[in-house]
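Participant:
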Ligand code: GAL
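Numbering (the working numbering), first residue to last: 399 to 843.
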């Protein structure tokens, strides 16, 4: 826990240093003032003659199916552009736990990577775009014919004031329970659709000596995911979104209800939760030591790509309680930072990443669905195909734990609250701290 706190503190320090250095939020420079006019490129941005062309790709995809997706994309890029060297600058740590701090210090030091992983929504827009650090990509979207190839909702998540700032490579779903099929079948259980179903199944499993819910909150964002799933189940999609516009307070009675339900869920977790990361927790479900795991569907990438498990055979899935009609969207995107060494090569990378071919290489390995609407569904397994359909018919909501719903500073504070809440289960205290964070971060007035 101490290590988590240190990482979080250093992240906050770096972000505040960075934001102080370049301005943020309402003080941010408008795109024009920041010199963001489209395609703006100086000679300094180009490799000098004789220098090899290169693109440095910064992400946190280093294992568990995540790396496989990235390497698949890099292989495709190498085939298309053998003259451009790819530098894979991935920094380990789920959800960017460590990568985001490294990125902040590089951006602050004027050493941006060629392109970096960033979630669509607040993380991109109130972070790097507001700070005037990104180039607009409208011309690229137009020349690649992408404007009607990505869902409008997704384009909005990567746009600010009419300018598009990054290219979505995927859509992950956040509100999913993955369960071990054999454990469920052997115990005559059906996947839980409601909170009551969940608690009943969990009690039955506990009775049999099986850990009902796997959690690995060595990195606290995983606990935040359980909480935000409960929030979505209690509030429903419309009111869930109002938490982040400030229309609903974080000490509202329904938030406290969601905290109670989260606490109840936490009463079923593995004892060693604080020593595990997300894949270690998912592994408990894979090997039958635990029955369920609430996790984004990068866990499914881990199951199928790394562990060679099969959807609907070895594992099953269901939306988290009471959220079957909602799709919690997590989209990984890549943009073009200002003042990169070789902007042309970065744009070539973005073109591959945004192409049908690129998306269909990456996403079946990664566990996500393609961000494009015209991708080839036959390349996806039963989980992927069902999720592609669910995306079309669900209410879409942004994920807090993965940066889309609210600015980074607030996410960090919620993670801190959850670190304490997993241990002490104090609903009143958690609600108070969340409300304070909602006010101090400017989400609510
Ligand atoms: C998320 C990211 C996913 C996956 C996950 C776990 O933030 O969007 O692609 O990497 O973290 O590391």
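For each residue, glycine too, the CB sits at the ideal point set by N, CA and C.
Roughly how many whole angstroms lie between the Cα atoms of residue 501 and residue 770?
Facilitator: Taking the straight line from one Cα to the other gives about 27 Å.
Participant: Between the segment 453 to 461 and the segment 515 to 526, can you find at least three pairs of beta-carbon atoms closer than 8 Å?
Facilitator: A contact exists between the segment 515 to 526 and the segment 453 to 461.
Participant: From residue 662 to residue 604, what distance separates their C-alpha atoms?
Facilitator: Answer to the nearest angstrom: the Cα atoms are 13 Å apart.
Participant: For residue 511 and residue 483, I'd like the C-alpha separation in whole angstroms.
Facilitator: Whole-angstrom Cα-Cα distance: 14 Å.
Participant: Indicate the three-state DSSP secondary structure (helix, strand or coil) for residue 456 in the structure shown.
Facilitator: Of the three classes helix, strand and coil, the one that applies to residue 456 here is strand, per DSSP.
Participant: Would you kindly work out how many angstroms separate the C-alpha atoms of residue 618 and residue 580, rounded to a whole number?
Facilitator: One C-alpha to the other measures close to 29 Å.
Participant: Taking 7 Å as the line, does the beta carbon of residue 728 fall inside it for any heavy atom of ligand 1?
Facilitator: Residue 728: yes, Cβ under 7 Å from ligand 1.
Participant: Determine the DSSP secondary structure at residue 606, reduced to helix, strand or coil.
Facilitator: It is coil, neither helix nor strand.
Participant: Counting Cβ pairs closer than 8 Å, one from the segment 614 to 630 and one from the segment 666 to 676, do we hit at least three?
Facilitator: Verdict: yes, contact present.
Participant: Ends of the alpha helix (DSSP H) at residue 553?
Facilitator: Unbroken alpha helix (DSSP H) run through residue 553: 550 to 555.
Participant: Name the DSSP beta bridge partners of residue 691, please?
Facilitator: Paired residue(s): 576 and 612.
Participant: By the three-class DSSP mapping on this structure, what secondary structure does residue 513 have?
Facilitator: Correct three-state label for residue 513: strand.
Participant: Judging by CA-CA distance, which residue of 689, 774 and 733 is the nearest neighbour of residue 557?
Facilitator: The option with the nearest alpha carbon to residue 557 is 733.
Participant: Label residue 726 either buried or exposed according to how many other C-beta atoms from any shown protein chain fall within 10 Å of its C-beta, with 16 as the threshold for buried.
Facilitator: Classification for residue 726: buried.
Participant: By a C-beta neighbour count over all protein chains shown, 10 Å radius and 16 as the cutoff for buried, is residue 519 buried or exposed?
Facilitator: Buried: at least 16 other Cβ atoms inside 10 Å.
Participant: Is residue 785 buried or exposed, if buried means 16 or more other CB atoms sit within 10 Å of its CB?
Facilitator: Flag for residue 785 reads buried.
Participant: At what residues does the beta strand (DSSP E) containing residue 794 begin and finish?
Facilitator: Run containing residue 794: 793 to 796, per the beta strand (DSSP E) assignment.
Participant: In the DSSP assignment, find the alpha helix (DSSP H) that holds residue 730 and state where it starts and stops.
Facilitator: First-last for residue 730: 730 to 733, but that is the beta strand (DSSP E), not the alpha helix (DSSP H).
Participant: From the DSSP output, in three-state form, read off residue 766 for me.
Facilitator: Of the three classes helix, strand and coil, the one that applies to residue 766 here is coil, per DSSP.
Participant: Go ahead and pull the three-state DSSP assignment for residue 484.
Facilitator: If DSSP states are grouped into helix, strand and coil, residue 484 belongs with the strands.
Participant: Can you tell which of 689, 681, 490 and 794 has the C-alpha that lies nearest to the C-alpha of residue 602?
Facilitator: With distances taken between Cα atoms, residue 602 lies closest to 689.
Participant: On the premise that residue 567 lies in contact with residue 751, defined as a C-beta separation below 8 Å, what is that separation, rounded to the nearest angstrom?
Facilitator: Between residue 567 and residue 751 the Cβ distance is about 5 Å, and since that is below 8 Å, they are a contact.
Participant: Are any of the Cβ atoms in chain C nearer than 8 Å to that of residue 789?
Facilitator: Absent here is chain C; the protein component of the structure consists of one chain.
Participant: Does the Cβ of residue 671 lie closer than 7 Å to at least one heavy atom of ligand 1?
Facilitator: No; taking the cut-off as 7 Å, the Cβ of residue 671 has no heavy atom of ligand 1 nearer than that.
Participant: In three-state terms, what does DSSP make of residue 451?
Facilitator: Here residue 451 sits in strand by DSSP.
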